[in-house]
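Asker: One structure, as C-alpha coordinates, below. Some questions next.
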Amino acid sequence: PFVPVSQQRDYRATYTPSSFLDSLAFAVSAGERWEIAKLRLAADYERKSQFDSAAAEYAGLARDAPLANEPLLFLARALGEGGRSAEAEAALKRAVAIRPTTAALNVLGKRAAERHDLGKAASYLERSISLDANQPEVLYELALVYGMSRNIPAAQQAALRLSQLAPSDPRLPRLLSVLK
(Lines of atoms letter the chains of each structure in order from A and count residues from 1; the text may use other names and numbers.)
(Lines give C-alpha, C1' and ligand atoms only; values in the text may rest on other atoms or scores of the structure.)
Protein backbone atom coordinates (compact mmCIF):
# COMPACT_ATOMS: atom_id res chain seq x y z
CA PRO A 1 0.00 0.00 0.00
CA PHE A 2 2.93 2.36 0.47
CA VAL A 3 4.36 2.18 -3.03
CA PRO A 4 5.31 5.45 -4.72
CA VAL A 5 2.83 6.56 -7.37
CA SER A 6 5.39 6.01 -10.12
CA GLN A 7 5.63 2.30 -9.17
CA GLN A 8 1.91 1.62 -8.66
CA ARG A 9 0.24 -0.80 -11.08
CA ASP A 10 -3.41 -1.38 -11.88
CA TYR A 11 -3.91 -5.10 -11.18
CA ARG A 12 -6.83 -5.18 -13.62
CA ALA A 13 -4.46 -5.03 -16.57
CA THR A 14 -2.99 -8.45 -15.80
CA TYR A 15 -5.64 -10.12 -13.64
CA THR A 16 -7.46 -13.20 -14.95
CA PRO A 17 -10.67 -14.15 -13.11
CA SER A 18 -10.67 -17.71 -11.78
CA SER A 19 -14.41 -18.42 -11.71
CA PHE A 20 -17.75 -17.06 -12.88
CA LEU A 21 -18.28 -15.38 -9.52
CA ASP A 22 -14.79 -13.93 -9.66
CA SER A 23 -15.40 -12.61 -13.19
CA LEU A 24 -18.59 -10.90 -12.02
CA ALA A 25 -16.78 -9.30 -9.10
CA PHE A 26 -14.03 -8.20 -11.45
CA ALA A 27 -16.58 -6.68 -13.84
CA VAL A 28 -18.15 -4.74 -10.96
CA SER A 29 -14.71 -3.46 -9.94
CA ALA A 30 -14.30 -2.24 -13.52
CA GLY A 31 -17.60 -0.34 -13.42
CA GLU A 32 -20.40 -2.79 -14.26
CA ARG A 33 -23.52 -2.29 -12.14
CA TRP A 34 -23.64 -4.66 -9.19
CA GLU A 35 -27.37 -5.28 -9.75
CA ILE A 36 -26.62 -6.75 -13.18
CA ALA A 37 -23.90 -8.93 -11.68
CA LYS A 38 -26.31 -10.20 -9.00
CA LEU A 39 -28.93 -11.01 -11.65
CA ARG A 40 -26.38 -12.90 -13.73
CA LEU A 41 -25.15 -14.78 -10.66
CA ALA A 42 -28.69 -15.69 -9.60
CA ALA A 43 -29.50 -16.89 -13.13
CA ASP A 44 -26.37 -19.06 -13.04
CA TYR A 45 -27.46 -20.53 -9.71
CA GLU A 46 -30.90 -21.28 -11.16
CA ARG A 47 -29.34 -23.03 -14.17
CA LYS A 48 -27.41 -25.18 -11.71
CA SER A 49 -30.58 -25.86 -9.65
CA GLN A 50 -29.06 -24.03 -6.68
CA PHE A 51 -32.35 -22.37 -5.89
CA ASP A 52 -31.56 -21.29 -2.32
CA SER A 53 -28.48 -19.41 -3.56
CA ALA A 54 -30.50 -17.83 -6.38
CA ALA A 55 -33.20 -16.81 -3.90
CA ALA A 56 -30.58 -15.20 -1.66
CA GLU A 57 -29.34 -13.06 -4.57
CA TYR A 58 -32.88 -12.04 -5.55
CA ALA A 59 -33.77 -11.31 -1.92
CA GLY A 60 -30.80 -8.94 -1.75
CA LEU A 61 -32.01 -7.14 -4.86
CA ALA A 62 -35.55 -6.94 -3.44
CA ARG A 63 -34.19 -5.51 -0.18
CA ASP A 64 -32.23 -2.83 -2.02
CA ALA A 65 -35.05 -1.95 -4.46
CA PRO A 66 -38.15 -2.01 -2.24
CA LEU A 67 -40.35 -0.26 -4.83
CA ALA A 68 -39.59 -2.67 -7.68
CA ASN A 69 -41.63 -5.81 -8.16
CA GLU A 70 -39.25 -7.61 -10.56
CA PRO A 71 -36.78 -8.85 -7.92
CA LEU A 72 -39.73 -10.22 -5.95
CA LEU A 73 -41.05 -12.01 -9.02
CA PHE A 74 -37.62 -13.57 -9.59
CA LEU A 75 -37.42 -14.43 -5.89
CA ALA A 76 -40.82 -16.13 -6.04
CA ARG A 77 -39.72 -18.19 -9.03
CA ALA A 78 -36.51 -19.36 -7.34
CA LEU A 79 -38.31 -20.16 -4.09
CA GLY A 80 -41.00 -22.07 -5.95
CA GLU A 81 -38.44 -24.06 -7.94
CA GLY A 82 -36.68 -24.82 -4.67
CA GLY A 83 -39.86 -26.27 -3.15
CA ARG A 84 -40.52 -23.36 -0.81
CA SER A 85 -44.06 -22.64 -2.03
CA ALA A 86 -45.31 -20.70 1.01
CA GLU A 87 -42.37 -18.31 0.78
CA ALA A 88 -42.81 -18.06 -2.99
CA GLU A 89 -46.44 -17.10 -2.52
CA ALA A 90 -45.49 -14.45 0.06
CA ALA A 91 -43.00 -12.95 -2.41
CA LEU A 92 -45.68 -12.93 -5.13
CA LYS A 93 -48.09 -11.12 -2.81
CA ARG A 94 -45.44 -8.49 -2.08
CA ALA A 95 -44.77 -8.09 -5.82
CA VAL A 96 -48.49 -7.72 -6.59
CA ALA A 97 -48.82 -5.09 -3.87
CA ILE A 98 -46.16 -3.02 -5.64
CA ARG A 99 -47.34 -3.57 -9.22
CA PRO A 100 -49.73 -6.35 -10.17
CA THR A 101 -49.00 -8.51 -13.19
CA THR A 102 -51.35 -10.98 -14.83
CA ALA A 103 -48.89 -13.83 -14.38
CA ALA A 104 -48.47 -13.22 -10.63
CA LEU A 105 -52.21 -12.76 -10.09
CA ASN A 106 -52.92 -15.95 -12.04
CA VAL A 107 -50.52 -17.99 -9.91
CA LEU A 108 -51.96 -16.55 -6.71
CA GLY A 109 -55.48 -17.27 -7.95
CA LYS A 110 -54.67 -20.88 -8.83
CA ARG A 111 -52.96 -21.47 -5.49
CA ALA A 112 -55.90 -20.00 -3.60
CA ALA A 113 -58.28 -22.22 -5.60
CA GLU A 114 -56.15 -25.28 -4.78
CA ARG A 115 -56.57 -24.42 -1.09
CA HIS A 116 -60.32 -23.98 -1.68
CA ASP A 117 -60.04 -20.32 -0.69
CA LEU A 118 -62.51 -19.48 -3.43
CA GLY A 119 -63.09 -15.86 -2.45
CA LYS A 120 -59.39 -15.05 -2.71
CA ALA A 121 -59.08 -17.11 -5.89
CA ALA A 122 -61.89 -15.17 -7.53
CA SER A 123 -60.42 -11.87 -6.39
CA TYR A 124 -56.97 -12.60 -7.86
CA LEU A 125 -58.39 -13.95 -11.13
CA GLU A 126 -60.78 -11.00 -11.48
CA ARG A 127 -57.88 -8.60 -10.99
CA SER A 128 -55.92 -10.45 -13.66
CA ILE A 129 -58.83 -10.20 -16.10
CA SER A 130 -59.14 -6.48 -15.33
CA LEU A 131 -55.52 -6.07 -16.48
CA ASP A 132 -55.99 -8.19 -19.61
CA ALA A 133 -59.44 -9.40 -20.60
CA ASN A 134 -58.04 -11.68 -23.34
CA GLN A 135 -56.96 -14.62 -21.19
CA PRO A 136 -58.96 -17.75 -22.05
CA GLU A 137 -57.22 -19.89 -19.44
CA VAL A 138 -58.00 -17.39 -16.69
CA LEU A 139 -61.62 -17.07 -17.79
CA TYR A 140 -61.93 -20.85 -17.63
CA GLU A 141 -60.39 -20.93 -14.13
CA LEU A 142 -62.65 -18.07 -13.06
CA ALA A 143 -65.75 -19.89 -14.33
CA LEU A 144 -64.70 -22.96 -12.32
CA VAL A 145 -64.06 -20.91 -9.18
CA TYR A 146 -67.42 -19.17 -9.48
CA GLY A 147 -69.10 -22.54 -10.08
CA MET A 148 -67.47 -24.08 -7.01
CA SER A 149 -68.61 -21.00 -5.07
CA ARG A 150 -72.17 -21.65 -6.26
CA ASN A 151 -72.20 -18.27 -8.00
CA ILE A 152 -73.74 -19.73 -11.14
CA PRO A 153 -74.64 -16.41 -12.84
CA ALA A 154 -71.02 -15.21 -12.55
CA ALA A 155 -69.75 -18.61 -13.73
CA GLN A 156 -72.08 -18.46 -16.74
CA GLN A 157 -70.90 -14.93 -17.54
CA ALA A 158 -67.23 -16.00 -17.40
CA ALA A 159 -68.01 -19.02 -19.59
CA LEU A 160 -69.84 -16.78 -22.06
CA ARG A 161 -66.84 -14.45 -22.24
CA LEU A 162 -64.65 -17.50 -22.78
CA SER A 163 -66.90 -18.71 -25.61
CA GLN A 164 -66.60 -15.30 -27.30
CA LEU A 165 -62.84 -15.18 -26.88
CA ALA A 166 -62.00 -18.83 -27.63
CA PRO A 167 -65.02 -20.49 -29.25
CA SER A 168 -63.03 -23.60 -30.19
CA ASP A 169 -61.75 -24.26 -26.64
CA PRO A 170 -62.32 -28.01 -26.23
CA ARG A 171 -63.34 -27.59 -22.56
CA LEU A 172 -66.11 -25.15 -23.41
CA PRO A 173 -68.98 -27.55 -24.30
CA ARG A 174 -68.65 -29.45 -21.03
CA LEU A 175 -68.29 -26.24 -19.01
CA LEU A 176 -71.41 -24.72 -20.60
CA SER A 177 -73.44 -27.92 -20.10
CA VAL A 178 -72.51 -28.09 -16.41
CA LEU A 179 -73.46 -24.45 -15.86
CA LYS A 180 -76.98 -24.71 -17.38
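In the working numbering, the protein residues as written are 91 to 270.
The beta-carbon is built from N, C-alpha and C at its ideal position, and this holds for glycine as well.
(1) Can you confirm whether the region 130-144 touches the region 152-159 when touching is taken to mean that 3 or more C-beta pairs between the two stretches lie within less than 8 Å?
(2) Judging by CA-CA distance, which residue of SER143, ARG240, SER119 is the nearest neighbour of GLY172?
(3) What is the DSSP secondary structure of TYR105, counted as helix, strand or coil?
(4) Which same chain residues, not among the five before or five after ARG262, have their C-beta less than 6 Å away from its C-beta?
(5) Have a look at ALA127 and PHE116 and give me their C-alpha separation to the nearest angstrom.
(6) Give me the residue from PRO226, ALA194, ASN224 with the minimum Cα distance to SER213.
(7) Between the C-alpha atoms of ALA120 and VAL95, what's the straight-line distance to the nearest angstrom?
(8) Quick check on DSSP: helix, strand or coil for PRO257?
(9) For ASN196, which three-state DSSP category applies?
(10) Helix, strand or coil for GLY170? Go by DSSP, reduced to three states.
Answerer: According to the structure data:
(1) no
(2) Position 82 of the sequence shown, counted from the first residue, corresponds to residue 172. The shortest C-alpha separation from GLY172 is found at SER143.
(3) Mapped onto the sequence shown, residue 105 falls at position 15. In this structure, TYR105 counts as coil in the three-state DSSP scheme.
(4) Along the sequence shown, one-based indexing puts residue 262 at 172. Note that residue 262 is Leu in the sequence shown here, rather than Arg. SER253, listed in sequence order.
(5) For the purposes of this step, residue 127 is taken as the residue at position 37 of the sequence shown. For the purposes of this step, residue 116 is taken as the residue at position 26 of the sequence shown. Those two C-alpha atoms are separated by around 10 Å.
(6) Reading the sequence shown from its first residue, position 123 is the one you call residue 213. Per the Cα distances, ALA194.
(7) For the purposes of this step, residue 120 is taken as the residue at position 30 of the sequence shown. For the purposes of this step, residue 95 is taken as the residue at position 5 of the sequence shown. Rounded to the nearest angstrom, the two C-alpha atoms are 20 Å apart.
(8) As a working note, residue 257 is residue 167 in the sequence shown. Of the three classes helix, strand and coil, the one that applies to PRO257 here is coil, per DSSP.
(9) On the sequence shown, residue 196 is found 106 positions in, with the first residue counted as 1. DSSP places ASN196 in helix when its eight states are reduced to three.
(10) Within the sequence shown, numbered from 1, the residue matching residue 170 stands at position 80. Residue state, collapsed to three classes: helix.
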